[in-house]
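Protein chains: 2
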Amino acid sequence: MPDNSTDQRSEHKQHGGARTGAGRKKGSGRFGEPTKVMRIPASKVAQVKQWLAQDQAANCAPEVNAQKWTGLLKTQGVSLFQSVAPANEAPVSLPLFSHKVVAGFPSPADDYIENRLDLNEHLIRNQEATFLLVVEGDSMQKAGIKDGDILVVDRSIEPSDGKIVIAALDGELTVKRLSIKSTGTWLVPENDDYPPIPVREEADMVIWGVVTATISRF
Amino acid sequence: MPDNSTDQRSEHKQHGGARTGAGRKKGSGRFGEPTKVMRIPASKVAQVKQWLAQDQAANCAPEVNAQKWTGLLKTQGVSLFQSVAPANEAPVSLPLFSHKVVAGFPSPADDYIENRLDLNEHLIRNQEATFLLVVEGDSMQKAGIKDGDILVVDRSIEPSDGKIVIAALDGELTVKRLSIKSTGTWLVPENDDYPPIPVREEADMVIWGVVTATISRF
DNA sequence: ATTATGAAAAATGTAACAAAAATCAAGTTG
DNA sequence: CAACTTGATTTTTGTTACATTTTTCATAAT
Chain X
590 MPDNSTDQRS
600 EHKQHGGART
610 GAGRKKGSGR
620 FGEPTKVMRI
630 PASKVAQVKQ
640 WLAQDQAANC
650 APEVNAQKWT
660 GLLKTQGVSL
670 FQSVAPANEA
680 PVSLPLFSHK
690 VVAGFPSPAD
700 DYIENRLDLN
710 EHLIRNQEAT
720 FLLVVEGDSM
730 QKAGIKDGDI
740 LVVDRSIEPS
750 DGKIVIAALD
760 GELTVKRLSI
770 KSTGTWLVPE
780 NDDYPPIPVR
790 EEADMVIWGV
800 VTATISRF
Chain H
590 MPDNSTDQRS
600 EHKQHGGART
610 GAGRKKGSGR
620 FGEPTKVMRI
630 PASKVAQVKQ
640 WLAQDQAANC
650 APEVNAQKWT
660 GLLKTQGVSL
670 FQSVAPANEA
680 PVSLPLFSHK
690 VVAGFPSPAD
700 DYIENRLDLN
710 EHLIRNQEAT
720 FLLVVEGDSM
730 QKAGIKDGDI
740 LVVDRSIEPS
750 DGKIVIAALD
760 GELTVKRLSI
770 KSTGTWLVPE
780 NDDYPPIPVR
790 EEADMVIWGV
800 VTATISRF
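The listed protein sequences derive, respectively, from chains X and H.
In terms of the numbering used here, the first sequence opens at residue 590 and continues consecutively.
In terms of the numbering used here, the second sequence opens at residue 590 and continues consecutively.
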């Protein structure tokens, strides 16, 4: 301020002034939460940045198309790099027939048709937040998840008790059932050969997303 | 350095000294490259750390083997879909990851995406000959096919021994494993409550197609 | 009442710093 | 002379500090 000689006169220029309650609100940043600085190898800076940007996009992902999809909807956690494929319409529409059809080939024109189904639409509620994983191992055998299955994982579903989740443990992804009890949090395999895994801290494990479907090929 | 008064005498304590070429080598850090500091939202610090830690560890061997499934099978009432004429493809391509992905980041920086997969393309090879069946009843749960599962049935595949087939029996569609032995042909339910069904003549039943995949939702 | 203005508070990117780790060669020891 | 010590030197690394920017709001001005 160049000229501040006469305080009495300077008033005519003042608009603001000391006041309480002013200032930027907490959580008004990009991430809605406090941040920390950390050191990242140069070659991965871009990747991390992209990941952070994607994660925001996934978190505010719109409701795409869900007719008969039951499930909680909430955002949380991770996201991945993924090119958004413009979902054009009318791809694979599959007519649904009654199970009472007998020998003979049902025609789509028949009134046997109960419904039409597109596998992508049926299995993917939030494309931005969905990815696929190939299962290795049989720790979830009793849940019907077998080695080689393809899991449909939705990151936008809030992990909750009883959900089958993808968790990063010891640097590997595992699929387990999440058990949140008063006694603590557990990752429970659905195979008697494997013991439940206690989860002590957040750092122990990162939950990637919730398994919404599994696909087995014969 | 407490005593440095007399340089001539101080030599007796000196081991090192000014020299060139000393010092830590470049690239000797954890990442083998220079680093940068960046600001990360607090909730994601753990994920980034885990990813960075994992990334230096062993590289993963991407072994995607989607077909070593040796499962049982089951049958019950089913609902029927049919595939419809192949529409213009606007594939909803999803990222397909291998097992070794960590904390929100794929492990190897570049080939993290094993593949991109469109579920329709992946599951429906011959669209005009493909049906979808919704399984009714949970008698096949033990075999990995549960109530509400969607079966992908391909009519263009030749039924052979061991295949899981859709057969029309008594005006209803059922899922059975086809057993063609020297002793005869059987439709074998994978459920103790149901006996194997002998197939005497072709007219006894009509095989609609071969099950190529099953989809379970959670 | 509406708008303009600037102060207050938080967010953000980068610089700076201290401590730790790594590395080497001169000096010491055997 | 070879092996070991040891401190100097340099990079790494986690954190703090700081200068900007952004957001928000109370108040003056209209």
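Where is the CB? At the ideal position from N, CA and C, for every residue including glycine.
Identity of the residue in the options nearest residue i by Cα
i	options	result
W814(X)	M729(X), V754(X) and K615(X)	For chain X, the structure presents residues 590 to 807; residue 814(X) sits outside this window and is missing.
E622(X)	G616(H), S617(H) and S632(H)	S632(H)
V764(H)	G737(H), I804(H), V799(H) and G773(H)	V799(H)
F620(X)	T609(X), L641(X) and G726(X)	L641(X)
8 Å Cβ shell around residue i - same chain, five flanking residues per side excluded
i	result
P784(X)	P778
T659(X)	Interpretation of T659(X) is limited by its pLDDT of 17, a score under 50 that renders its predicted location unreliable; the figure taken from the coordinates is listed afterwards. Contacts found: none.
G616(H)	E622
G618(X)	T624
Proximity of residue i and residue j at Cβ, strictly below 8 Å
i	j	result
S745(H)	I769(H)	no
L722(H)	A802(H)	no
V724(H)	I734(H)	yes
K752(X)	L767(X)	yes
V795(X)	A635(H)	yes
Span separating the alpha-carbon of residue i from that of residue j
i	j	result
D782(X)	S728(X)	8 Å
I739(X)	S805(X)	7 Å
F807(H)	R714(X)	13 Å
A757(X)	V626(H)	25 Å
G612(X)	V637(X)	30 Å
S771(H)	V788(H)	13 Å
I629(X)	T719(H)	49 Å
I786(X)	W775(H)	44 Å
A886(X)	E747(X)	Only positions 590 to 807 of chain X appear in the structure, and residue 886(X) is not among them; the question remains open.
T624(H)	G737(H)	51 Å
K614(H)	G610(X)	52 Å
G773(H)	G773(X)	55 Å
6 Å Cβ shell around residue i - same chain, five flanking residues per side excluded
i	result
Q730(X)	N780
A679(X)	Any reading at A679(X) is ruled out, since the residue's pLDDT is 33, under 50, leaving its predicted position unreliable.
Residue i CB to nearest heavy atom of the ligand FAD below 7 Å
i	result
T624(H)	The ligand FAD is absent from the structure shown, which contains no ligand whatsoever.
Span of the beta strand (DSSP E), counted from its first residue to its last, around residue i
i	result
T719(X)	T719 to V723
R613(H)	Taken as a continuous stretch (DSSP letters only), R613(H) belongs to no beta strand (DSSP E), as it is neither H nor E.
K625(H)	T624 to P630
T774(H)	G773 to V777
A802(X)	V795 to R806
I786(X)	I786 to V788
I739(H)	I739 to D743
Chain-order list of residues whose beta-carbon lies under 7 Å from that of residue i (same chain, five-residue window excluded)
i	result
V673(H)	Reliability fails at V673(H), whose pLDDT of 29 lies under 50, so the model's placement of it is uncertain and no value is given.
G726(X)	D736
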